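**Student:**
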Amino acid sequence: MLRDLSVRCLFGCLTLLGLSIFGFALLAMLPGDFAEVVLINQMDGELPSAETLAKFKADEGFDEPLPVQYFAWLAATLRGNLGVSFTTGDPVTAELGLRMVATFRLVGLAFCLTVLMGGALGVIAALNRGSLLDRLVTVVAISGMSVPNFWQSLLFVLLFALVLGWAPSSGYGGFSHVILPATVIATASMGLTARFVRASLIEALSAPHVRTALAKGLSPRATLFSHALPAALPGILTLLGLQAARMFDGAIVVETIFAWPGLGRLFVDSILNRDYPVLQATILVVGATYILINLAVDCAAAALDPRMRRAV
Amino acid sequence: MTIRPILLAAALAVAAPALAPAPAIADSAADNKTLVVGTMWESLPLNMRARRSRFFNESEILDTLIKLDYDMNLVPGLATSWERTGPETFEFTLREGVTFHDGTPFDAEAAKLSLERVIALLPYAAGLLNVASIEASDPQTLTITTNEPFAALPNQLTDAITGIYAASSFDENGDFVQPVGTGPFRFVDYAKQQQTVVERFDDYWGDAPAFEQVIYRHIPDHNARTIALETGEIDISINPLPADVVRLKESDFKVLAEPSAGLYYGSFNTADDRPTGDVRVRRALDRLIDRSLIVEGALDGVGMPARSFFSPAFDWVPEGAPETPLDPDGAAALLTEAGYEKVDGSWVKDGEPLTLRILSYSTRTEMPLITDALSALLAREGIETSVELFTFPGMMEFVRAGDYDISIVFWTPEMTGHPDLHLKSQFTTDATLNFQNWSNAQFDALVNKGRGLDRGAEWDETYAEALQIMADEAMVLPLVHKVYTAATAPDVQGFRVHPSGFFYDFKSVEKGAE
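Which chain is which? The protein sequence lines are A and B, in order.
Numbering of the first sequence is given in our numbering, commencing with residue 1 and proceeding in unit increments.
Numbering of the second sequence is given in our numbering, commencing with residue 1001 and proceeding in unit increments.
1. Straight-line CA distance for residue 1483/B to residue 1241/B?
2. With a Cβ-Cβ cutoff of 8 Å, do residue 124/A and residue 137/A count as a contact?
3. Hey, how far is the Cα of residue 1089/B from the Cα of residue 57/A?
4. Within 10 angstroms of its Cβ, does residue 61/A collect 16 or more other Cβ (buried), or is it exposed?
5. Using a 10 Å radius around the Cβ and a threshold of 16 neighbouring Cβ atoms, would you call residue 20/A buried or exposed?
6. Leaving aside the five residues before and after residue 1111/B along the sequence, list all residues of the same chain whose C-beta is less than 6 Å from its C-beta, in chain order.
7. Below 8 Å, can you find three or more Cβ-Cβ pairs linking the stretch 1073-1082 of chain B to the stretch 1263-1275 of chain B?
8. Can you give the Cα-Cα distance for residue 1190/B and residue 194/A, rounded to whole angstroms?
9. With a CB to CB cut of under 6 Å and the five nearest residues on each side skipped, what residues in its chain are close to residue 1266/B?
10. If we cut at 8 Å on Cβ distances, does residue 1127/B have a partner in chain A?
11. Assign residue 1026/B to buried or exposed, taking buried as 16 or more other Cβ atoms, counted over all protein chains shown, within 10 Å of its Cβ.
12. Please tell me whether residue 1419/B and residue 1463/B are closer than 8 Å, where the distance is taken between their beta carbons.
13. Leaving aside the five residues before and after residue 1368/B along the sequence, list all residues of the same chain whose C-beta is less than 8 Å from its C-beta, in chain order.
14. Residue 293/A by DSSP, collapsed to three states: which one?
15. Kindly indicate which residue of 1383/B, 1370/B, 1182/B has the alpha-carbon position closest to the one of residue 1281/B.
16. Hey, does residue 1223/B have any beta-carbon neighbour from chain A nearer than 8 Å?
17. So, for residue 1193/B: in the same chain, excluding its five sequence neighbours on each side, which residues have a beta-carbon less than 7 Å away from its beta-carbon?
18. Looking at the strands, I want to know which residues DSSP matches up with residue 1216/B.
19. Pick helix, strand or coil for residue 303/A, following the three-state DSSP scheme.
20. Let me know the secondary structure DSSP gives residue 1204/B once reduced to three states.
21. Does the distance from the CB of residue 1531/B to the CB of residue 1213/B come in under 8 Å?
22. If contact is defined by three or more beta carbon pairs under 8 Å, each pair taking one atom from either stretch, is the stretch 140-153 of chain A in contact with the stretch 181-197 of chain A?
23. When the Cα atoms are used, what is the spatial distance from residue 291/A to residue 4/A?
24. Using a Cβ distance threshold of 8 Å, determine whether the stretch 1434-1443 of chain B contacts the stretch 1452-1472 of chain B, with at least three qualifying pairs required.
25. Can you name, in chain order, every residue of its own chain whose Cβ lies under 7 Å from the Cβ of residue 278/A, other than the five neighbours on each side?
26. Return no unless some Cβ of chain A is closer than 8 Å to the Cβ of residue 1218/B.
27. Taking buried to mean at least 16 other C-beta atoms within 10 Å of its own C-beta, is residue 163/A buried or exposed?
28. Mind checking who residue 1266/B pairs with in its DSSP beta bridge?
29. Which residues, taken in chain order from the stretch 249-265 of chain A, show a beta carbon closer than 8 Å to some beta carbon of chain B?
30. Reducing DSSP to helix, strand and coil, say where residue 1419/B ends up.
31. Tell me, to the nearest whole angstrom, how far the beta carbon of residue 1279/B is from that of residue 1485/B; I am working on the premise that it is less than 8 Å.
32. Could I get the ranges of all uninterrupted beta strand (DSSP E) runs contained in the stretch 1150-1185 of chain B, with 3 residues as the minimum, in chain order?
33. Nearest to residue 1497/B by CA position, among 1422/B, 1491/B, 1258/B, is which residue?
34. Return no unless some Cβ of chain B is closer than 8 Å to the Cβ of residue 21/A.
35. Could you check whether the Cβ of residue 1124/B sits closer than 8 Å to any Cβ belonging to chain A?
36. Decide yes or no for the touch test of the stretch 95-110 of chain A against the stretch 245-258 of chain A: beta carbon pairs closer than 8 Å, at least 3 of them.
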């Protein structure tokens, strides 16, 4: 298993390398002269003169051929030097440090809410299949999946910040600041999770071994937790892994509305400003997170299901 | 293996960072000694390069030699008076008894050091200032020599990038560290993406501000910024959406508006193979568009219909600058003269309908609204359009290639209160930013003459003539003069929006009983 794991890690590194080439190519292909866009941003929308542009290009090494620029970046990155942001002039590591903590706090809480609420709703629906309660859960789940993030964010701010005054409307801070955006992000995933847990559990509850357990006189509660849920869990975990990854893109809009200094906003801003040191580093961080989440899900599934151990 | 301990451990691992306490932003808006300003752009006090940030934040930390008042007139800053002593030289008399926030005195040597650092560190400063040399003739006199006769230098010295920094703002290599200035507020703290905090500087040379502290909070979303004002988390919200302006006006909140130097305009491609290559077509379009409908329909009334290139709201606009009237009949006559005829409500030439390719960009909030309104107005008059929206750099790629008829842009042509900046860099024949295929030797000569002249009758005459050529040639289609807005809590007194759109002045602002 250890050998399999190291092979997976190697593939992960290759994926990151591919991502970095992709990110670089993406910036080169975007319309507009790269150096000019950086200057336009620094000058607040004014076009720089030709002399200013030429000087800036020479100073920053933008007049080198693209592959040379890429390998210069790669060599620096491998030595741990991620460069300096074109927009703020701060080291990229400083930019990323705050954003990573902020996003992981936000997405982490959203993920917990998804697991707890989505899981509970799914279990309730499965155990009361066909009842009014089941239908109610379906309605809640589908509404949650259908409401657009940005709209829900504004409605939440209006209700909980302006009308009720329970939480601040925006800004970075403690639990009261994070609960509204986290709930918004969780809402969409919660619905999907509830639906999936319900379906998997219904399937597991009709399996022969569950029927046998019930026939042997095991209580329904014990049967659910010891026999049905473990059988459904690997599938649910895979879904949760995908959901966790998806939350990072859900976070982009939510972070902007709540003025939360997260990775999603950094990502969008860095594309608009052609801030390529920041963009490349953000792609690497988000890419590495996706890879790690997938790896963690596979390992957890293997730990839970002996049949999957060979597959890791 | 049971699953419950694993799940529990996993849940704890994920939840712990979310629940950890983070530095909370104090609820300072309730405190009368602190002013909290919600801004659309992040202020970047520790980065010198971002010019916008210079304006709205450091205008309160740093002072420029010369300042702009609320009518965009030049008024003394750190220089009490200035005189043009030769075609290329200016002499500035500096204010006495001014100290920097670090206690060091302000004098001509300090001003020289600061301006030289700015020119060395900012890629665009040299071009903007056109400076050849700076001399500290004596402690109270600064002499600046320009590369060529350049009457607009005092105006350029109001640009916030020329704010005077103390030597301790830079490290031993001359790199920028943090802003130490002479302004009414002293830089205290910056939390990335969150806020910048400044404190009152008690040895300030002017009148002492009422607030002990000003907090600039960065709230990028327009809706969220207004809601933060309504919940009382901030005292002033900069640039609320037009729809919110209408709503806030009906409540206790104060809405402030100031016609600004910014202009939305259509820039014509005057190449011969385009329909807009015919001056009669351009003049017809200029007479055809009812700008007040754009302002009312697209901007909820927040804007000034533009019938001239420079906004008539300012004193420095040359006397006799022309305005184009709304004249649909005249426009029809011009189109007929250009060989078009109206068939079934559409303007047609040689069987082909008059179709314009309009480019714009969507990253500025009002831009898509204005562009759509323009397109709808043209359609109503029987002129077809194909509208495409890009990011600004994306649009510029097509503009450079000449693949357009009108590109809708926004500039602040007179950010520093002088006509030279924009006319020279955008419309003269050899201007690097002229992508309109437009060239007029007489216009070039007038603009080059104007930049060497002092204010007076000849100055007025020269620029009025240049603007008349622009109006006759109609190579631009002025649409809307931007109106900058801000909303404040009911108890905030004395705040004014500066027409540059960027400078903030909190020195005379107070909070408390009505």
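Even glycine gets a Cβ: it sits at the ideal position worked out from N, Cα and C.
Quick caveat, the model's predicted, so the values are computed rather than measured.
**Tutor:** Concretely, from the data shown:
1. 12 Å
2. yes
3. 32 Å
4. exposed
5. buried
6. 1142, 1164
7. no
8. 43 Å
9. 1406, 1408, 1477
10. yes
11. For residue 1026/B, the predicted structure reports a pLDDT of 46, less than 50, and the residue's modelled location is therefore unreliable. A value from the coordinates is still provided. Exposed.
12. yes
13. 1360, 1362, 1389
14. helix
15. 1383/B
16. yes
17. 1042, 1218
18. 1037/B, 1196/B
19. helix
20. coil
21. No answer is possible for residue 1531/B: the residues shown for chain B start at 1001 and end at 1514.
22. yes
23. 15 Å
24. yes
25. 85, 92, 95, 266, 270
26. yes
27. exposed
28. 1408/B, 1477/B
29. 256, 257, 258, 259, 261, 265
30. coil
31. Contact doesn't hold; Cβ gap of about 37 Å is too wide.
32. none
33. 1258/B
34. no
35. yes
36. yes
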